[in-house]
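Residue numbers (full-length UniProt numbering), protein chains in the order written: chain A, 1 to 327; chain B, 1 to 350.
Here is the structure we will look at, set down as structure tokens.
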């Protein structure tokens, strides 16, 4: 009897210390995969920065299929990970169901609003960053035609498209934006061959700057653009280095900052909007693309940035009404 | 729609159909010999990965292509041993190969390059240089620096301009057609197209082909004639592996520049649909894959195809190959009869 008691106490103690030791943050990557050179990789960079600075450890998990989402969330919540940060709109519905079951765990979701008392929703104003990219594309384009290639056909990616089109039209009202989407399933995030083919189709229609908002598919788009000698615009992470001198700029979305903040300062339930003013989005200019950015282009971008921050230019958000004012 | 647009769409269709055609012919050999093969996708993926990996490490696309063939052949051997030697279920073996390839490529890729399953981009640049340097140093020790530099300079298949393409461009219709659509592809495209008459000749004009077809219809009769069913089926599965290897190598080192996880994106399954559409015939395979490639090319060019009366969204165009296959299977347009002994392991009577 007493032996059993001791054993049970021991088990309980181990369980307790186990939980305490395991109260580390966790990060779940979406289907594009941790090293997509884009969205998920940005999240990884944020977590890595936190780990390097604090010497802490965190758990991470990479989704392999749609069916794993709920299981993964519950598994992490049950092992005591806190906070749990997940990248991607697709976690929205699942999180809405799972979050109430673990009231003591804090969750943060990027790119989606989930209204639960223990969830922080981090959203970016992609339309503003894309607007700046649109201005640069308009000024770099000689043919007056530019292209946009999205990954999966979802409202979030239309947000990029719409912002880009607005910026482009603001600088070149009579120009033309060609629009393609890779597909309607998650496979659309990982199809560089189709991405390259779409880019070639747009190039043959006269596009000379192509904006790729397509995760891993974007690698194929940037490649095709570099092969054909035109410019491209990367997305989410800074992709300028992939083809130095061939990538006009990248619309960076500071997912890394969002993850870093959540890990470092904890999660504050509610909606957190990272806009241009909060440096949540921007266009990347570094050594790889400096030669492509003319002083006029820089000036136009700076002006637009100031006007957006000051509220003089209101870039329309596609997701508010599922429509885009310019086409 | 002017002539130039038509030519560009045809050009795109040729590029898009090539992996489908190679995979479809691979399935044709295998299934005509009575071994169902739904592992085309996995073999292509494995080939794409091995081709990109070796091309990145050596800087030589030919070594890469060889590795691609080898990678696919290895998985074909697994399929053969599981479903021919051990008489396992061919469909299950195929599914297992798809899963195996999907996981193994990412795992190995991460181990070798640490880029999360992606291989370095196969374009001249810093990322590739660091990979190639050790091999180049070793090679220059054995062959001399000049040869080494030349051998490691082509990590990717280049586009071949066929003779007279520029001279003939002025000729109306045929000139641009030759210069735009027929010329200017990588060598693997021409290999794929040559495979069609070759396959026809092998299947219908050689003794091997006759036996191969017989073994898919009635293996017992082949066995009675004193020909080894096992050996024939293994040969067919190996040929399928090699063709998948070409398809994968084309994806990774011809069409794009490097491997990205799951980059086959369902092409192996579309090839299977094309095989049914083609009713298991080589020339049919050419037609079916061209049709599927053309549909994709048109969908790429016109996301919303305006036909005057109705607007066809690209989703419908992308689904059309599957819809057509179902229609064919349902028997509305002729009948698709698979090889009679397909899917059944052969057990010798005692």
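Ideal Cβ placement from N, Cα and C applies to all residues, glycine included.
Best match in the options for proximity to residue i [C-alpha to C-alpha]
i, options, result
"residue 106 of chain A", "A:275, A:27 and A:179", "A:27"
"residue 116 of chain B", "B:126, B:125, B:123 and B:104", "B:104"
"residue 103 of chain A", "A:68, A:78, A:156 and A:129", "A:78"
"residue 215 of chain A", "A:173, A:258, A:153 and A:298", "A:153"
"residue 258 of chain B", "B:150, B:70, B:109 and B:325", "B:109"
"residue 259 of chain A", "A:83, A:142 and A:181", "A:83"
"residue 22 of chain B", "B:249, B:265 and B:310", "B:249"
"residue 225 of chain A", "A:210, A:183 and A:316", "A:210"
"residue 277 of chain B", "B:317, B:324, B:233 and B:298", "B:324"
"residue 295 of chain B", "B:97, B:6, B:158 and B:13", "B:13"
"residue 58 of chain B", "B:315, B:328, B:89 and B:137", "B:137"
"residue 60 of chain A", "A:43, A:66 and A:291", "A:43"
Residue-level contact to chain B via CB, residue i, 8 Å cutoff
i, result
"residue 180 of chain A", "yes"
"residue 201 of chain A", "yes"
"residue 1 of chain A", "Residue confidence for residue 1 of chain A is low, a pLDDT of 46 falling below 50, so the modelled location carries little weight; the figure read from the coordinates is stated next. Answer no: the Cβ-Cβ gap between residue 1 of chain A and chain B never drops below 8 Å."
"residue 184 of chain A", "yes"
"residue 242 of chain A", "yes"
"residue 288 of chain A", "no"
"residue 220 of chain A", "yes"
"residue 65 of chain A", "no"
"residue 190 of chain A", "yes"
"residue 187 of chain A", "yes"
"residue 143 of chain A", "no"
"residue 223 of chain A", "yes"
"residue 161 of chain A", "no"
"residue 204 of chain A", "yes"
"residue 42 of chain A", "no"
"residue 59 of chain A", "no"
"residue 35 of chain A", "yes"
Cutoff 7 Å; reference residue i; Cβ partners in own chain excluding five residues on either side
i, result
"residue 126 of chain A", "159, 160, 163, 253 and 281"
"residue 178 of chain B", "165 and 168"
"residue 21 of chain A", "Any answer about residue 21 of chain A is weak, because its pLDDT of 43 lies below 50 and its placement is not dependable; what the coordinates show is given next. Correct list: empty, nothing qualifies."
"residue 313 of chain B", "304"
"residue 151 of chain B", "60 and 139"
"residue 30 of chain A", "40, 63, 87, 88 and 90"
"residue 407 of chain A", "With chain A represented from 1 up to 327, any question about residue 407 of chain A goes unanswered, as that position is not in the structure."
"residue 305 of chain A", "132 and 276"
"residue 154 of chain B", "60 and 61"
8 Å Cβ cutoff, residue i in contact with chain A
i, result
"residue 265 of chain B", "yes"
"residue 47 of chain B", "no"
"residue 169 of chain B", "no"
"residue 317 of chain B", "no"
"residue 303 of chain B", "yes"
"residue 175 of chain B", "no"
"residue 295 of chain B", "no"
"residue 188 of chain B", "no"
"residue 261 of chain B", "yes"
"residue 251 of chain B", "yes"
"residue 255 of chain B", "yes"
The ligand NAD heavy atom lying under 7 Å from the CB of residue i
i, result
"residue 200 of chain A", "The ligand NAD is absent from the structure shown, which contains no ligands of any kind."
6 Å CB neighbourhood of residue i in its chain, flanking five on each side removed
i, result
"residue 263 of chain A", "25 and 50"
"residue 320 of chain B", "295"
"residue 261 of chain A", "none"
Contact set for residue i: own chain, Cβ-Cβ below 8 Å, skip 5 residues either direction
i, result
"residue 106 of chain B", "116, 117 and 261"
"residue 31 of chain B", "37, 216, 275, 280, 338, 339 and 342"
(Q) Threshold first: 3 residues or longer. Then list the beta strand (DSSP E) segments lying entirely within the segment 289-323 of chain B, N to C. (A) 304-306 and 311-313
Q: Determine contact between the segment 142-152 of chain A and the segment 189-205 of chain A, defined as no fewer than three beta-carbon pairs at a distance below 8 Å.
A: yes
Q: Taking 8 Å as the threshold, find out whether the segment 9-17 of chain B comes into contact with the segment 38-57 of chain B through three or more Cβ pairs.
A: no
Q) Pairing CB atoms from the segment 182-198 of chain B with CB atoms from the segment 233-247 of chain B, are three or more of them under 8 Å? A) yes
Q: Evaluate contact between the segment 125-133 of chain B and the segment 21-39 of chain B, counting only Cβ atoms and requiring at least three cross-stretch pairs below 8 Å.
A: no
Q: Report yes or no: do three or more beta-carbon pairs, one from the segment 188-197 of chain A and one from the segment 163-173 of chain A, lie closer than 8 Å?
A: no
(Q) Threshold first: 3 residues or longer. Then list the beta strand (DSSP E) segments lying entirely within the segment 199-245 of chain B, N to C. (A) none
Q: Note down, one range per segment and in chain order, each beta strand (DSSP E) of at least 3 residues found wholly within the segment 222-280 of chain A.
A: 231-236, 247-253 and 270-274
Q. If you scan the segment 146-170 of chain B from start to end, which runs of the alpha helix (DSSP H) of 4 or more residues do you find wholly inside it?
A. 165-168
Q. Are at least three pairs of beta-carbons, each pair with one atom in the segment 241-252 of chain A and one in the segment 283-299 of chain A, less than 8 Å apart?
A. yes
Q.
What ranges does the alpha helix (DSSP H) occupy inside the segment 137-180 of chain A, keeping only unbroken runs of at least 4 residues that lie completely in it?
A. 155-171
Q) Within the chosen definition, does the segment 257-274 of chain B reach the segment 312-326 of chain A through at least 3 CB pairs nearer than 8 Å? A) no
Q. With contact counted as at least three CB pairs below 8 Å, one residue from each stretch, are the segment 232-240 of chain B and the segment 73-82 of chain B in contact?
A. yes
Q.
So, does the segment 129-143 of chain A touch the segment 183-192 of chain A, judging by three or more C-beta pairs under 8 Å?
A. no
Q) If contact means a Cβ-Cβ distance below 9 Å, which residues of the segment 2-13 of chain B contact chain D? A) The question asks about chain D, but that chain is absent: this structure's protein chains are A and B.
Q.
Please give the ranges of any beta strand (DSSP E) in the segment 105-152 of chain B, keeping only runs that are unbroken, at least 3 residues long and fully inside the region.
A. none
Q) Taking contact to mean at least 3 C-beta pairs separated by less than 8 Å, is the segment 68-76 of chain B in contact with the segment 265-281 of chain B? A) no
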